[in-house]
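Numbers given in our numbering equal positions in the sequence shown, counted from 1, plus 1. Even for Gly, the Cβ is constructed at its ideal location relative to N, Cα and C. If you're wondering where the values come from, they're calculated on a predicted model, not measured in any experiment. In what follows, a single structure is set out as structure tokens and then discussed.
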Amino acid sequence: MAQFNTQLEGRKPILLTPGPTEVDPVVLREMSHFAESHFSQPFCDTFGEVLTMLRKLFQCYDPRAQPFVLGGSGSLGWDFTATNFIEPGESVLYLSPGFFDDAFEMCLSTYGARTTKLTVDFGSAPDLSIVEEELKVHQYKALVVTHVDTSTSVLTQLKPLSDLLARSSPETLFIVDGVASVGCEDLQFDSWKVDVAVTGSQKALSCPPGVGIIMVSARALHVAETRKTPLTAWYASLPRWLPIMRKYEKKEASYFATPPTQVVRALHASLADILSRPLSDRFAQHKRKSAEVRAAIEGLGLNLVALEPGTQANGVTAFWLPEGLTSELLRAKALERGIIFAGGMHSQFGSKYVRFGHMGFSVVNEFGAHIDTGIKVLRDTIIEFYQNRSRKEMRLADCEFCITNDLGENALVLAQA
Ligand SMILES: Cc1ncc(COP(=O)(O)O)c(C=O)c1O
């Protein structure tokens, strides 16, 4: 892939992928914090505050619930979930709008869960009536859903699912992969009776990668603590981490495995900034920006992968490319202009679509104009593609696009035809 010449441009490319995301310089500075002991009082204070702030971020007010912050990534939350809350042979209902759901399902199966997957068309969200039917017929230990599937930019609404569970199967644990949603989509852990929500530091929290974050309800803690079969994991063991998290939250030192001290400090800076304003403002900001991105993409004559308005994520937008333009080519051209987009994630048509990340610092830091620059670069790249097409390659739809967008020669071709 072409390289963005930082020396020539005197600046770095802007990272507009759905994670990792751009990091506020204030947060980034914490990554060069001097080495400190994880037993030192300043570190215990920092870690304790991180855990307390996470309760606010997840809108979780039940003091019996517990956040966990473990060195690792979002995927560690999958292992943590699979090994602690589900016993071998127990049934899990899996809602699958994309790539990440399938990977989470494989992780659950690895630990012995019996999974049933409800699949949907690429770009669609799960149909709740089918979920309800399934819950009426079979008993499930847990329902697992990915809040935002990063591979398709499909948002699955949690509140209706929560209502459905309360109606049809209240004993079923409600497990949410919030890796691409926590920090940019509303996730009301308590009100929506979520039992387990997992995320990572590097997406909408705009912190460097390095920790997996898991919020666990009092009910799920009880399930983990009273399981009958022995745990088959060491590092991801909830009983081993629970006393450590409780102690750190009281700002007391404790040890099971070494926490990534600089990442914890960076997360502290990021959470402090996020919580310095109402969360509702942050979510509204993401909604506004995502609407702008979608309008710009559609204005270029391109189709969105997630078509239904209620299922379009606010932190990432996936869109189809015109015939003849691959994701690899578009991203190479965008990189030359200083923007990094993400490619598609699908075995068959991954190179036919691109993902535009608009979450975290790039959205809330209006002065940076990251998203506006991303939109401009996308537009310039698409226009360049059309301008370079030979006349016989132009399809009617392409020509119409050129006319609407006043693209000189190719527009003239059609006008003269
Ligand atoms: C929805 C979702 N779940 C899980 C993961 C895995 O997270 P990680 O790459 O931090 O392990 C990702 C990564 O992009 C994701 O988007």
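Cut-off 8 Å between Cβ atoms - residues of its own chain near residue i, not counting five sequence neighbours on either side
i: G351; result: S328, G344 and G345
i: L52; result: P68, V70, M246, Y249 and E250
i: R12; result: G339
i: A297; result: I376, L379 and R380
i: T259; result: H39 and G72
i: W242; result: F69, L71 and F257
i: L129; result: P161, L162 and L165
Sequence-distant residues of its chain with Cβ nearer than 7 Å to residue i (five each side left out)
i: W321; result: L303, N304, V306, K353 and Y354
i: A221; result: F86, L174, D196 and V197
i: L308; result: G124
i: R283; result: I275 and V365
i: E253; result: C45
i: W193; result: L159, K160 and S163
i: P19; result: T151, A181, K204, G316, V317, A343, R356, G358 and M360
i: G90; result: G113 and R115
Per-residue burial, residue i [other beta carbons within 10 Å of its own, 16 or more giving buried]
i: A167; result: exposed
i: S271; result: buried
i: A219; result: exposed
i: T82; result: buried
i: A114; result: buried
i: K251; result: exposed
i: A126; result: buried
i: N389; result: exposed
i: T312; result: buried
i: Y62; result: exposed
i: F235; result: The question names Phe, yet the displayed sequence has Trp at residue 235. Label assigned to W235: exposed.
i: F40; result: exposed
i: K118; result: exposed
i: P323; result: buried
i: K57; result: exposed
i: S291; result: buried
i: A412; result: Reliability of the predicted coordinates at A412 is poor, the pLDDT of 48 falling under 50, and the value obtained from them is presented with this limitation in mind. Buried, since its Cβ has 16 or more Cβ neighbours within 10 Å.
i: G213; result: buried
i: P261; result: buried
i: G325; result: exposed
Rounded distance between the beta-carbons of residue j and residue i, thought under 8 Å
i: F190; j: Q60; result: 6 Å
i: F368; j: F357; result: Not a contact, Cβ separation roughly 20 Å.
i: V463; j: V177; result: Not covered by the structure: residue 463. The range shown for the chain is 2 to 418.
i: E133; j: L165; result: 5 Å
i: G78; j: T200; result: 7 Å
i: F362; j: V24; result: 6 Å
i: S169; j: L136; result: 4 Å
i: A267; j: V28; result: 5 Å
Residue i: CB within 7 Å of a non-hydrogen atom of ligand 3
i: S74; result: Here the bound small molecules are ligand 1; ligand 3 is not part of this structure.
Short Cβ contact (8 Å threshold) for residue i with residue j
i: E31; j: Q263; result: yes
i: L96; j: H148; result: no
i: I383; j: L301; result: yes
i: Y249; j: F69; result: no
i: H359; j: V294; result: yes
i: V364; j: I372; result: yes
i: D80; j: C108; result: yes
i: L94; j: L17; result: no
i: L1; j: V183; result: Outside the shown range of the chain, which is 2 to 418, sits residue 1, and nothing can be said about it.
i: T22; j: Q203; result: yes
i: F421; j: S152; result: The structure shown does not extend to residue 421, since the chain is modelled only from 2 to 418, so the question has no answer here.
i: V180; j: G75; result: yes
i: E226; j: P209; result: no
i: T233; j: T84; result: yes
i: E299; j: K334; result: no
i: P64; j: T157; result: no
Cutoff 6 Å; reference residue i; Cβ partners in own chain excluding five residues on either side
i: R228; result: E88
i: L330; result: none
i: A416; result: With a pLDDT of 40 at A416, under the threshold of 50, the predicted position of this residue should be treated as unreliable, though the coordinate-derived value follows. Result list for A416: empty, nothing under 6 Å.
i: V224; result: F86
i: C185; result: A205, H287, N315, G316 and M360
i: A319; result: T153, S154, V306, Y354 and R356
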